[in-house]
Amino acid sequence: MASLKVGNVGEYLREQRRGARLSLRQLAEAAGVSNPYLSQIERGLRKPSAEILQQLAKALRISAETLYVQAGMLDARERDELEVPAAIMSDPSIDERQKQALIRIYESFRKENAAAEAAKAAEGTKDTEEETQNVEADSSPTLVREESEA
Numbered sequence: 616m617a618s619l620k621v622g623n624v625g626e627y628l629r630e631q632r633r634g635a636r637l638s639l640r641q642l643a644e645a646a647g648v649s650n651p652y653l654s655q656i657e658r659g660l661r662k663p664s665a666e667i668l669q670q671l672a673k674a675l676r677i678s679a680e681t682l683y684v685q686a687g688m689l690d691a692r693e694r695d696e697l698e699v700p701a702a703i704m705s706d707p708s709i710d711e712r713q714k715q716a717l718i719r720i721y722e723s724f725r726k727e728n729a730a731a732e733a734a735k736a737a738e739g740t741k742d743t744e745e746e747t748q749n750v751e752a753d754s755s756p757t758l759v760r761e762e763s764e765a
């Protein structure tokens with residue numbers, strides 16, 4: 616299994632190519648790029664465009680979004696937002712109506728969680744303000760009366 620912790624997109628591509636048991640020449644041909652160009656990408660000498668990454672992803676049968684993240688074109692959160700619907704849409708075992716229903720459910724969960732995170736962050740701000748007020752109130756002088764036991 617290939618590691619996802621790779622220094623750059625070229626190293627990641629090399630790892631994926633080797634995992635797929637493809638030669639440099641085979642991947643270059645499948646992706647429609649030249650062998651020297653692919654070699655330069657793998658060695659970090661050239662930065663591929665999004666279109667080239669898409670072609671390489673298709674040839675490797677991996678997510679283009681993952682390559683975009685590796686290349687710094689997309690952050691991981693944006694990738695997650697794109698990958699789930701893409702995976703649903705590409706599943707041949709479910710029909711179009713089911714795909715649309717799953718995507719709507721997924722999006723509603725994401726919105727619900729985002730609202731909960733925002734509320735939690737706002738509550739954290741509110742709690743901090745209340746704690747500040749309580750500390751200020753506690754610092755005022757008060758008399759303490761001890762009750763004696765009879």
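Numbering-wise (this note's numbering), the sequence shown opens with residue 616 and increments by one. Yeah, the Cβ is synthetic: ideal placement off N, Cα and C, and Gly gets one too.
Put simply, the region 697-705 touches the region 661-680. At least three CB pairs are less than 8 Å apart. The beta carbon of E657 sits closer than 6 Å to the beta carbons of G625, L628 and R629 from its chain, once the five residues preceding and following it are set aside; these are given in chain order. Counting other Cβ atoms within 10 Å of its Cβ, R632 reaches 16 or more and is therefore classed as buried. The three-state secondary structure of R661, taken from DSSP, is coil. Exposure of Q713 is indicated by the presence of fewer than 16 other C-beta atoms within 10 angstroms of its C-beta.
For G687, there is no enclosing alpha helix (DSSP H), since its DSSP letter is neither H nor E.
Check the Cα spacing between I667 and each of G647, S708, S654 and E732: the tightest is with G647. Using a Cβ distance threshold of 8 Å, L660 and L639 do not count as a contacting pair.
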